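Scroll down for the structure; my scribbles are underneath it.
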Amino acid sequence: MSDEAEEAAEAEETAEQETEATDEVEETEEATGLQAGDFIRIAYTARTVETDQLVDTTDEEVAEEEGVADQGTFEPRTIVLGEGHLFEAVEEAIIGGEVGDSGSVVIEAAEAFGEYDESEVRTVSANKIPDDSMRPGAQVQIDGEQGYLETIVGGRARVDFNHPLAGEDIEYDYEILEEVTDQLERAQGLFDMFLDLDLEMYIQEDEVEETSVEEPDEEGGEPETVTETVEKTSLYIEATPQLSMNQQWMFQKQQMGQQVMDLTGIDRIVIQEVIDGSGGMGMPGMMGGGMGMGGAGGAGGAGGADIEEALEDADIDADEIVDEIEE
Numbered sequence: 001m002s003d004e005a006e007e008a009a010e011a012e013e014t015a016e017q018e019t020e021a022t023d024e025v026e027e028t029e030e031a032t033g034l035q036a037g038d039f040i041r042i043a044y045t046a047r048t049v050e051t052d053q054l055v056d057t058t059d060e061e062v063a064e065e066e067g068v069a070d071q072g073t074f075e076p077r078t079i080v081l082g083e084g085h086l087f088e089a090v091e092e093a094i095i096g097g098e099v100g101d102s103g104s105v106v107i108e109a110a111e112a113f114g115e116y117d118e119s120e121v122r123t124v125s126a127n128k129i130p131d132d133s134m135r136p137g138a139q140v141q142i143d144g145e146q147g148y149l150e151t152i153v154g155g156r157a158r159v160d161f162n163h164p165l166a167g168e169d170i171e172y173d174y175e176i177l178e179e180v181t182d183q184l185e186r187a188q189g190l191f192d193m194f195l196d197l198d199l200e201m202y203i204q205e206d207e208v209e210e211t212s213v214e215e216p217d218e219e220g221g222e223p224e225t226v227t228e229t230v231e232k233t234s235l236y237i238e239a240t241p242q243l244s245m246n247q248q249w250m251f252q253k254q255q256m257g258q259q260v261m262d263l264t265g266i267d268r269i270v271i272q273e274v275i276d277g278s279g280g281m282g283m284p285g286m287m288g289g290g291m292g293m294g295g296a297g298g299a300g301g302a303g304g305a306d307i308e309e310a311l312e313d314a315d316i317d318a319d320e321i322v323d324e325i326e327e
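Position 34 (the sequence shown) corresponds to 34 in UniProt numbering; numbering is contiguous.
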């Protein structure tokens, strides 16, 4: 090889090394700060831009000022970046940032709750409107779709199937309070976001027997069942009446549990029902604890009150349940 050819080859190799080094530096720079997959605790308040209507908040004082403090728990939330727990524009503003950062992001209607669609305001038969919803603004369920009653005249009703915040730009003020690294706190934060329930839970390492089938080494051999003891990180959750009767939990427990395990590295979730003898349940079939003379027991006793409270917390109408049973 000539001297010129060698110099050209060396120059090309040097250029490649410099390019690789530059790429490594850029990758390092891109990886600084908070990234997708990080757990953070965040405080926020979201309002409509045009009318300043409250959309959501973690601030109890704001909730009290707006008269909604009785509609849930208002405290900072634990979320996972990159999992769709926040509006995409807000996540983009947070990623790469640091704990202590705060900011304000405006989410356009199309990216928030959608543009307002006039074709989603439709006329339906009035007999599809429940008797207790015969008023403008009432939330109704028509053929599996949720809407809001606008007017009802004669046998026809006008129902708006747009989201109530459709067409509204949303201003989202936030502050990153801390990064959450504890495994139990991560799990608690996720369940709180999913269910808005105060659940008792803990983590422990368990030895669990697992059975598997091993294929034979030799052709024609029989598969062999093998049992081995393995270490599992288990999340134990107490099954309260509120949890057991929560409709989201009833229908989505598998999806919720799987997401918590995938995001936290927990191997399994164990739901524990605790019967401590304090409920006074009495004989089977006696709701509230015993027949009792003088009306001391029955559904009107302490047990009945507990069940009514649990039904109220779980947002389940006891009268509807009774009607379904009688039908």
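Even for Gly, the Cβ is constructed at its ideal location relative to N, Cα and C.
As the structure is a computational prediction, the values presented were derived from the model and not from experiment.
| Item | Value |
| --- | --- |
| Assumed close pair Leu-81, Ile-95 - CB separation to whole angstroms, cut-off 8 Å | 6 Å |
| Coarse secondary structure for Glu-75, derived from DSSP in three states | coil |
| Spatial neighbours of Pro-223 in its chain, beta-carbon cut-off 7 Å, leaving aside the 5 residues before and after | Val-213, Glu-214, Glu-215, Pro-216 |
| Cβ pair Gly-189, Thr-78 closer than 7 Å | yes |
| Ile-176 vs Ala-112 beta-carbon contact at 7 Å | no |
| Assigned exposure category for Phe-191 - 16 Cβ within 10 Å defines buried | buried |
| Gly-189 - DSSP class collapsed to helix/strand/coil | helix |
| DSSP-derived helix/strand/coil call for Ala-302 | In this prediction, Ala-302 scores a pLDDT of 44, lower than 50, which makes its location untrustworthy; the coordinate-derived value is nonetheless stated afterwards. Helix. |
| Beta-bridge partners of Gln-204, as assigned by DSSP | Ser-234 |
| Thr-58 to Glu-88 span [Cα, whole Å] | 19 Å |
| Close-in-space but distant-in-sequence residues of the same chain around Ala-166 (CB under 6 Å, 5 per side omitted) | Phe-113, Gly-114, Tyr-116 |
| Test item: CB-CB of Thr-233 and Glu-209 under 7 Å | no |
| Same chain, Cβ closer than 6 Å to Val-105, neighbours up to 5 away in sequence not counted | Ala-89, Val-90, Ala-93, Tyr-172 |
| Beta-carbon spacing of Val-260, Ala-157 below 7 Å | no |
| Cβ contact (3+ pairs, closer than 8 Å) linking the segment 57-74 and the segment 120-137 | no |
| Leu-184 classed as buried or exposed, judged by whether at least 16 other C-beta atoms fall within 10 angstroms | exposed |
| Top-ranked residue by Cα proximity to residue 344, from His-163, Asp-267, Glu-66 | Nothing about residue 344 can be read from this structure; the chain reaches only from 1 to 327. |
| Helix, strand or coil at Gly-257 according to DSSP, with G and I counted as helix | helix |
| Backbone secondary structure at Gln-242 - three-state DSSP | helix |
| Closest by C-alpha distance to Pro-136, when choosing among Glu-168, Val-153, Ile-271 | Val-153 |
| Three-state secondary structure (DSSP) of Leu-199 | coil |
| Cross-strand partners of Val-147 (DSSP beta bridge) | A small fix is needed here, since residue 147 is Gly in this sequence, not Val. According to DSSP, which records beta bridges pairwise, Gly-147 is partnered with Val-140. |
| Extent of the continuous beta strand (DSSP E) to which Val-121 belongs | 121-125 |
| With 16 other Cβ atoms within 10 Å as the buried cut-off, status of Ile-129 | buried |
| Cα-Cα separation between Ile-142 and Ser-125, rounded to whole angstroms | 10 Å |
| Buried/exposed call for Met-291, threshold 16 Cβ in 10 Å | Unreliable positioning characterises Met-291 in this predicted model, as indicated by a pLDDT of 37, which lies under 50. A coordinate reading is not provided. |
| Of the listed residues Glu-83, Thr-225, Leu-199, nearest to Gln-242 (C-alpha basis) | Leu-199 |
| Where the alpha helix (DSSP H) through Glu-91 begins and ends | 88-94 |
| Proximal residues to Gly-72 (C-beta, below 7 Å), its chain only, five neighbours per side dropped | Asp-196 |
| For Val-180, the first and last residue of its enclosing alpha helix (DSSP H) | Neither: Val-180 is in no alpha helix (DSSP H) and is coded neither H nor E. |
| Spatial distance of Asp-182 from Ile-40 (CA atoms) | 11 Å |
| Cutoff 7 Å; reference residue 356; Cβ partners in own chain excluding five residues on either side | The displayed coordinates of the chain run from 1 to 327. Any statement about residue 356 would go beyond what the structure contains. |
| Buried versus exposed call for Ala-36 [16 or more other C-beta atoms within 10 Å across all chains shown] | exposed |
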